[in-house]
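Every position in the first sequence, counted from 1, becomes a number in our numbering once 1300 is added. Have a look at the structure below before the remarks.
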Amino acid sequence: MPELPEVETIRRGLARLEGRLLTQVEVRDPRLLRGCAPAELVRLRGHLKEISRRGKFLIFKFDEHALVLHLGMTGRLLPHEGRYTRLVLHFSEEKLALDDPRRFAALCYIRAAELDELGPLKRLGIEPFTAGYTFKNFWKILQTKQEIKRLLLDQRKLAGLGNIYANEALFRAGINPLRPASSLSRAEAKRLFEAIPRLLEEAIAAQGTTISSYRTTTGESGRFQEFLQVYGRAGESCRRCGRPIERIEQRGRSTYFCPSCQV
DNA sequence: AGTATAACCTGTCTGC
DNA sequence: TGCAGACAGGTTATAC
């Protein structure tokens, strides 16, 4: 579910919790921990120092420890408990419930000092909106025969894009998703390089894309679904040229594109 | 080393 | 109404 814009929207919605006191941790579903974090998690107490984001991961920093959370496909952070609550963080005066029907969400509890060594974070590639997001670095990751759409989904190369935004970014740049990444001209690569942060910025401004389960921390739907050009629009007409949007499969996932606008 | 498939889960929708 | 099958925003393990 949540890609960079959704996770960033959630992070911003939680920023007001920074400085608050965590009084109790309730683990409703131990599977959430995936063996990565010990059960001592339930003893965690103290002030929440900072909530940050890396790719699609949320990082909650406390004095000595940190929680690293990936929302998987259907994870949400809501102010109330529900049928699929897997974890509850009790803060003074307020609680935060992780709701996740499909249970693909994952949580790690580690010492803050070990954050930089945590595999899932360490493996992540270039991060949009940071100093490392340069055309030089972007060009470098394109030097592979892999299909460009699949490359964009590879978190080790570029962190944060998921299926919706990978499809949309390629449409905006006018690039066919089946093209080998290394076949892109510098001009095409530049278009894609620039389209990605612009797209993500617009999606964040709209509070993300709600197809079905994603909600902001206040339980609201995002609004960016209204602006999607190709994702989920198979058979419908391209908003730019009128010809039908096509759906194909790449690495077992749906790819949507306009065969006449994306060459 | 890179790639395809399966696996992890549950819900929803479509067609018969 | 029931049931099978497809599909869903994600990642990781395993088998070639």
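No residue lacks a Cβ here, since even glycine has one placed at the ideal position from N, Cα and C.
Would you call the region 1426-1440 and the region 1395-1410 in contact, with 3 or more CB pairs under 8 Å? Contact between the region 1426-1440 and the region 1395-1410 is absent, because fewer than three Cβ pairs lie under 8 Å.
Helix or strand or just coil, what does DSSP make of F1493? Helix.
Residues bridged to R1376 (per DSSP): According to DSSP, R1376 bridges with D1399.
Quick check on Q1443: buried or exposed, where buried means 16 or more other Cβ atoms within 10 Å of its Cβ? In the assembly as shown, Q1443 is an exposed residue. Its beta-carbon has fewer than 16 other beta-carbons within 10 Å.
Between the region 1523-1532 and the region 1461-1476, do at least 3 Cβ pairs fall closer than 8 Å? Yes: the two stretches touch, three or more of their Cβ pairs being nearer than 8 Å.
If we call anything under 8 Å between Cβ atoms a contact, is P1477 one with K1449? Yes, the Cβ-Cβ distance between P1477 and K1449 is below 8 Å.
Please return the same chain residues whose Cβ sits closer than 6 Å to the Cβ of I1548, not counting the five positions on each side in sequence. These residues qualify, in order along the chain: T1555.
Can we say the region 1302-1314 touches the region 1508-1519, given the rule of at least three CB pairs closer than 8 Å? Yes, since at least three Cβ pairs between the region 1302-1314 and the region 1508-1519 fall closer than 8 Å, the two stretches touch.
Taking the CB atoms as reference points, tell me whether R1472 and L1451 lie closer together than 8 Å. Their beta carbons are not under 8 Å apart, which means R1472 does not touch L1451 by this criterion.
Just curious, the beta strand (DSSP E) that Y1556 is in, first and last residue? For Y1556, the uninterrupted beta strand (DSSP E) run begins and ends at 1553-1557, by DSSP.
Bridge partner(s) assigned by DSSP for P1480: Paired residue(s): E1447.
Reference F1357, options P1338, M1301, A1487, closest by Cα: Comparing Cα positions, the closest option is M1301.
Can you give the beta carbon distance from H1370 to A1406, rounded, assuming they're within the 8 Å contact cut? Right, their Cβ atoms sit about 5 Å apart.
Since P1544 sits in a beta bridge, which residues does DSSP pair it with? In DSSP, P1544 forms a bridge with S1537.
Would the beta-carbon of L1458 fall within 8 Å of that of G1425? Contact check for L1458 against G1425 passes: the beta carbons are separated by less than 8 Å.
Nearest-angstrom Cα distance between R1539 and S1560? Taking the CA atoms as reference points, R1539 sits about 12 Å from S1560.
Cutoff 6 Å; reference G1535; Cβ partners in own chain excluding five residues on either side: So the list reads P1544, once near-sequence residues are dropped.
V1327 versus V1388: straight-line alpha-carbon distance, rounded: Near 7 Å, if we compare the C-alpha coordinates of V1388 and V1327.
Going by Cα to Cα distance, which pick from K1361, E1394, I1504, D1454 is closest to I1410? Taking only the C-alpha atoms, the option nearest I1410 is K1361.
Please list, in chain order, all residues of the same chain as R1423 whose beta carbon is under 8 Å from its beta carbon, the five residues on each side excluded. Excluding residues within five positions, the ones whose Cβ falls inside 8 Å are Q1455, R1456.
Identify which residue in L1484, R1386, I1359, E1427 has its Cα closest to the Cα of Q1446. With distances taken between Cα atoms, Q1446 lies closest to L1484.
So what does F1357 bridge to, in DSSP terms? The beta-bridge partner set that DSSP reports for F1357 consists of R1354, H1370.
Would L1475 and L1492 be called neighbours here (beta carbons separated by less than 8 Å)? Checking the sequence, you will find Ile at residue 1475 rather than Leu. A contact, by the Cβ cut-off of 8 Å.
Alpha carbon of L1341 to alpha carbon of E1394, nearest angstrom: Straight-line measurement puts the Cα of E1394 at about 19 Å from the Cα of L1341.
What are the start and end residues of the beta strand (DSSP E) that includes Y1409? Annotation: the continuous beta strand (DSSP E) that includes Y1409 extends over 1406-1411.
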